[in-house]
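Note that the sequence shown covers residues 12 to 259 in the working numbering.
Input: a single structure, listed below in structure tokens.
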Amino acid sequence: MSSTTDDRQPRYHDPLPEELPFPDNNLFLKEHFAFGHPLLPARDAWRFRDRWSEAFGREAPLLVEIGSGNGFFLAELALRNPDFNVIGIEIRYKRIVRCAKKIQAAGAKNALAIRYDATFLDDLFTSNSVFGLYVNHPDPWPKARHEKNRMVSRWFLEQSADFLQDGGHLRIKSDYHDNVTRVAGLLDMGPNGEPLPALPFTITGQTTDLDTDGAPWPDDIKTYYQKKMTAQGLTIAAIELIRGARGA
Ligand SMILES: C[S@@+](CC[C@H](N)C(=O)[O-])C[C@H]1O[C@@H](n2cnc3c(N)ncnc32)[C@H](O)[C@@H]1O
Numbered sequence: 012m013s014s015t016t017d018d019r020q021p022r023y024h025d026p027l028p029e030e031l032p033f034p035d036n037n038l039f040l041k042e043h044f045a046f047g048h049p050l051l052p053a054r055d056a057w058r059f060r061d062r063w064s065e066a067f068g069r070e071a072p073l074l075v076e077i078g079s080g081n082g083f084f085l086a087e088l089a090l091r092n093p094d095f096n097v098i099g100i101e102i103r104y105k106r107i108v109r110c111a112k113k114i115q116a117a118g119a120k121n122a123l124a125i126r127y128d129a130t131f132l133d134d135l136f137t138s139n140s141v142f143g144l145y146v147n148h149p150d151p152w153p154k155a156r157h158e159k160n161r162m163v164s165r166w167f168l169e170q171s172a173d174f175l176q177d178g179g180h181l182r183i184k185s186d187y188h189d190n191v192t193r194v195a196g197l198l199d200m201g202p203n204g205e206p207l208p209a210l211p212f213t214i215t216g217q218t219t220d221l222d223t224d225g226a227p228w229p230d231d232i233k234t235y236y237q238k239k240m241t242a243q244g245l246t247i248a249a250i251e252l253i254r255g256a257r258g259a
């Protein structure tokens, strides 16, 4: 796999083991650097920002999952969508290694596991370059003072509107319902209700009980957390947005 650089530098700094005070405390840090295909460490991944087709060895529309965890959903998404290039982004070393192993075990040739901080998604994608975005059970960050840590936020929706191609989708699932129910408001407001320009999304389906109502999209793939939370008796909320119309 070859990579090329341009003048742009990434916003996310991926520390080398020698830059960390106790690099041996996390066995997966070194393993993730040594793993090789299909795992891309952050320091390699951003170089493909405008040329993902080179990383995959073929041109195909992109599907991107954010916070892939152990990769169960990602591997299945890749298998069910052989005509797409599929990327999973996960920040934790152990989980990205597991994710890469899951891709290998599934035999999914069209998937890559990328260790990256999704706060800096614009290091990885250009405008109008992604067909589908998936956020499954993002960390809740319920306290108001942690609002800036939430993945489902105004900045994330703005970035999604930028990366997604017209007609492309953003799908969010969560047992923490606020991650889903806050989305509609954030399309034309900030987190404190301040009016903001309308984002070019149409909500095509929404539920607060995916198991009873069905998912707002065909062919739902249950994630590891989804199964775990359902087993605990929690209901799963979900929303689908299509890029286009509103505010466009
Ligand atoms: C609650 S888990 C859900 C995992 C998986 N999506 C599922 O549904 O089974 C949230 C995942 O998001 C990852 N995550 C949290 N913040 C992240 C960030 N800024 N960038 C990338 N991954 C992140 C966590 O490490 C964790 O694996």
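No residue lacks a Cβ here, since even glycine has one placed at the ideal position from N, Cα and C.
Rounded to whole angstroms, the separation of the alpha carbons of Ser64 and Ala119 is 16 Å.
At least one heavy atom of ligand 1 lies closer than 8 Å to the C-beta of Asp150. According to DSSP, Val191 shares a beta bridge with no other residue. Per the Cβ contact rule, the region 75–95 is in contact with the region 113–129 (3 or more Cβ pairs under 8 Å). For Ile253, the distance from the CB to the nearest heavy atom of ligand 1 is not below 8 Å. Beta-bridge partners assigned by DSSP to Glu87: none are found. In this structure, DSSP gives His180 an extended state, which the three-state scheme calls strand. The beta carbon of Arg161 sits closer than 6 Å to those of Trp152, all from its chain and outside the five residues before and after it, given in chain order. Looking at the DSSP output, Pro202 shares a beta bridge with no other residue. Residue pairing by DSSP places Thr213 opposite Ile253 in a beta bridge. The bridge partners DSSP lists for Arg126 are Glu101. When secondary structure is reduced to three states using DSSP, Phe46 falls in the coil class, being assigned neither helix nor strand.
Remark: C-beta atoms of Leu85 and Lys113 approach each other more closely than 9 Å.
Residue burial annotation: Leu27 is exposed, with fewer than 16 other C-beta atoms found within 10 angstroms of its C-beta.
Under DSSP, no beta-bridge partner is assigned to Glu158. If you draw a 10 Å sphere on the C-beta of Lys154, you find fewer than 16 other C-beta atoms in it, and that means exposed. DSSP places Leu135 outside both helix and strand once states are collapsed to three, so it counts as coil.
The beta carbon of Glu70 lies closer than 7 Å to those of Ser64 in the same chain, with the five residues before and after it left out. Taking Gln170 as the centre and dropping the five residues before and after it, the same chain places the C-beta of Leu132, Asp133 closer than 7 Å to its C-beta, in chain order.
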